[in-house]
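Chemist: Everything in the sequence shown is counted per the UniProt record's numbering, starting at 1 for the first residue and increasing by one. No residue lacks a Cβ here, since even glycine has one placed at the ideal position from N, Cα and C. Predicted, not measured: the structure shown is a model, and the values here were computed from it.
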Amino acid sequence: MAEYRPYLMRLSSRSLVEPNFIRLILTGDEVRFPQPCLDRRIKLLFIGEHPNPALTDPKVGDGWYQLWLDDPARPEMRTYTVRRVIENGIVIDVACHDGDGPGHRFATSAPLGSQVLVIGLDATAPGAEQTGIDFRPGDAKRLLILGDDAAAPAVCSILEQLPTHAAKVEAVVEVPQLARKIEAGPDGHWTDSRGNRINIRWQERLGERGDCLAEAIEDHLHRFPLPRCQQDSPEEGPDDLLWDTPASPPQEFYSWIAGESTMVRRLRRILVNDHGVDRRHIAFMGYWRHGSAGM
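#1: Quick one: what does DSSP say residue 162 is sitting in, helix, strand or coil?
#2: Only counting runs of 3 or more residues, tell me where the beta strand (DSSP E) segments fall wholly within the region 104 to 152, in order along the chain.
#3: Fully enclosed by the UniProt domain "Siderophore-interacting FAD-binding" (14 to 120), which alpha helix (DSSP H) runs are 4 residues long or longer?
#4: When you compare each of 230, 85, 158 and 130 to residue 38 by their alpha carbons, which one comes out closest?
#5: Within this structure, are the beta carbons of residue 130 and residue 85 separated by less than 8 Å?
#6: Just confirm the distance between the C-beta atoms of residue 228 and residue 263, as a whole number of angstroms; I'd bet it's less than 8 Å.
#7: Report the rounded CA-to-CA distance for residue 56 versus residue 225, giving the unit in angstroms.
#8: Where does residue 105 land, buried or exposed, given buried means 16+ other C-beta within 10 angstroms?
#9: Can you tell me which of 113, 243, 142 and 204 puts its alpha carbon nearest to the alpha carbon of residue 165?
#10: Taking only the alpha-carbon atoms, compute the straight-line gap between residue 260 and residue 243 and give it to the nearest angstrom.
#11: Would you mind stating whether residue 176 and residue 149 have Cβ atoms separated by less than 8 Å?
#12: I believe residue 110 touches residue 11 by the beta-carbon criterion, under 8 Å. Please report the beta-carbon distance rounded to the nearest angstrom.
#13: Pull up the DSSP beta-bridge partners for residue 244, would you.
#14: Just tell me which of 280, 162 and 23 has its CA closest to the CA of residue 231.
#15: Can you tell me whether residue 81 is buried or exposed, with buried defined as 16 or more other CB within 10 angstroms of its CB?
#16: Which value, in whole angstroms, describes the spacing of the CA atoms of residue 78 and residue 92?
#17: Work out the CA separation of residue 17 and residue 127 for me, nearest whole Å.
#18: So the beta strand (DSSP E) residue 173 belongs to, where does it begin and stop?
#19: Going by Cα to Cα distance, which pick from 287, 115, 216 and 132 is closest to residue 27?
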């Protein structure tokens with residue numbers, strides 16, 4: 001498996017894409033991120049202007065983590081999805097929740113030119129193209145993609161780079177405040193890199209977190225029912241790591257769900273317990289947990 005390495009980068013641009021999202025462009029020297037991005041994640045370390053030189057050395061490779069642990073200053077760290085790779089840089093969209101976390105502070109108020117350490121893959125390393133990606137639909141022709149605002153950048157990246165065999169794709173993103181549709185036409189459709197139109201819906205959260213996405217599941221399976229799968233459905237504990245990617249690639253249906261952990265657990269149960277969807281055809285990722293600081 002390809003190893004991760006640090007990239008010393010600077011904040012080159014900041015723009016408001018939608019009331020809940022700030023787009024940052026980070027640039028640096030010899031940036032070699034692999035593509036496609038899909039839902040590939042990186043880590044940002046908010047190092048300030050006087051970081052530990054050993055931590056920023058690109059030759060340290062995976063050793064960055066132990067250096068970070070041993071650093072008395074230990075800069076704060078958060079995880080994000082690469083929205084897009086550009087020449088000598090990357091684009092990330094930051095979902096701005098209420099609060100005062102390091103990612104929010106950097107996204108909203110860091111001066112242009114501020115340093116940040118990005119932990120990511122090197123495209124020249126063997127296996128880098130497949131490392132760190134959880135969106136693995138196999139040969140599935142039907143895709144149901146669901147996420148909250150934290151997962152929206154990954155959803156958008158996935159929709160831009162769909163496999164050619166995906167004939168029917170529905171995506172629903174639940175956001176706290178609905179303004180204009182992010183990078184979608186006025187009819188709510190998205191055009192991918194092949195010119196295909198995809199049905200993406202941005203839904204405002206009016207009730208409990210995940211209500212819109214639960215309704216989307218019911219609506220989708222009412223219109224396109226699936227045969228029930230006989231399977232055990234073990235209950236996860238509240239502290240279990242909620243993260244699973246199917247080992248065997250599905251052939252017909254595939255669902256990708258990401259966002260707040262409790263919400264993701266609820267949506268998975270609706271698919272598996274209520275509708276008998278084969279859990280081996282569902283990728284689910286708890287990106288964050290309400291009330292807990294992320295990393």
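Modeler: This is what the structure holds:
#1: Counting from 1 along the sequence shown, the entry for residue 162 is found at position 162. In this structure, residue 162 counts as coil in the three-state DSSP scheme.
#2: 115 to 121 and 142 to 148
#3: Counting only runs of 4 or more, we get 53 to 56, 64 to 70 and 102 to 109.
#4: Taking the first residue of the sequence shown as 1, we reach residue 38 at position 38. Among 230, 85, 158 and 130, the Cα nearest to that of residue 38 belongs to 158.
#5: Stepping through the sequence shown from its first residue, residue 130 is reached at position 130. Stepping through the sequence shown from its first residue, residue 85 is reached at position 85. No, Cβ-Cβ distance for residue 130 and residue 85 is not below 8 Å.
#6: For this step, residue 228 is matched to residue 228 along the sequence shown. For this step, residue 263 is matched to residue 263 along the sequence shown. That belief does not hold up - the Cβ atoms of residue 228 and residue 263 are roughly 24 Å apart, past 8 Å.
#7: On the sequence shown, position 56 is the one that residue 56 refers to. On the sequence shown, position 225 is the one that residue 225 refers to. In a straight line, the C-alpha of residue 56 is about 51 Å away from that of residue 225.
#8: Residue 105 sits at position 105 when you count from the first residue of the sequence shown. Result: exposed.
#9: Here residue 165 corresponds to residue number 165 of the sequence shown, with the count starting at 1. Of the residues 113, 243, 142 and 204, the one whose Cα lies closest to the Cα of residue 165 is 142.
#10: Locating residue 260 in the sequence shown gives position 260, counting from the first residue. Locating residue 243 in the sequence shown gives position 243, counting from the first residue. If you take the alpha carbons of residue 260 and residue 243, they lie about 11 Å apart.
#11: Taking the sequence shown and counting its residues from 1, one reaches residue 176 at position 176. Taking the sequence shown and counting its residues from 1, one reaches residue 149 at position 149. For residue 176 and residue 149, yes; Cβs fall inside 8 Å.
#12: Along the sequence shown, read from residue 1 onward, the residue named residue 110 stands at position 110. Along the sequence shown, read from residue 1 onward, the residue named residue 11 stands at position 11. Yes, they are in contact, since the Cβ atoms of residue 110 and residue 11 sit about 6 Å apart, within 8 Å.
#13: Residue numbering aside, residue 244 sits at position 244 when the sequence shown is read from its first letter. According to DSSP, residue 244 bridges with 284.
#14: The residue labelled residue 231 in the question sits at position 231 within the sequence shown. Comparing Cα positions, the closest option is 280.
#15: Counting from one through the sequence shown, the residue named residue 81 turns up at place 81. So residue 81 counts as buried.
#16: Looking up residue 78 in the sequence shown gives position 78. Looking up residue 92 in the sequence shown gives position 92. So the alpha carbons of these two residues sit roughly 12 Å apart.
#17: For this step, residue 127 is matched to residue 127 along the sequence shown. For this step, residue 17 is matched to residue 17 along the sequence shown. Roughly 33 Å separates the two Cα atoms.
#18: Residue numbering aside, residue 173 sits at position 173 when the sequence shown is read from its first letter. First-last of the beta strand (DSSP E) with residue 173: 168 to 175.
#19: For the purposes of this step, residue 27 is taken as residue 27 along the sequence shown, with counting starting at 1. Here the closest residue by C-alpha is 115.
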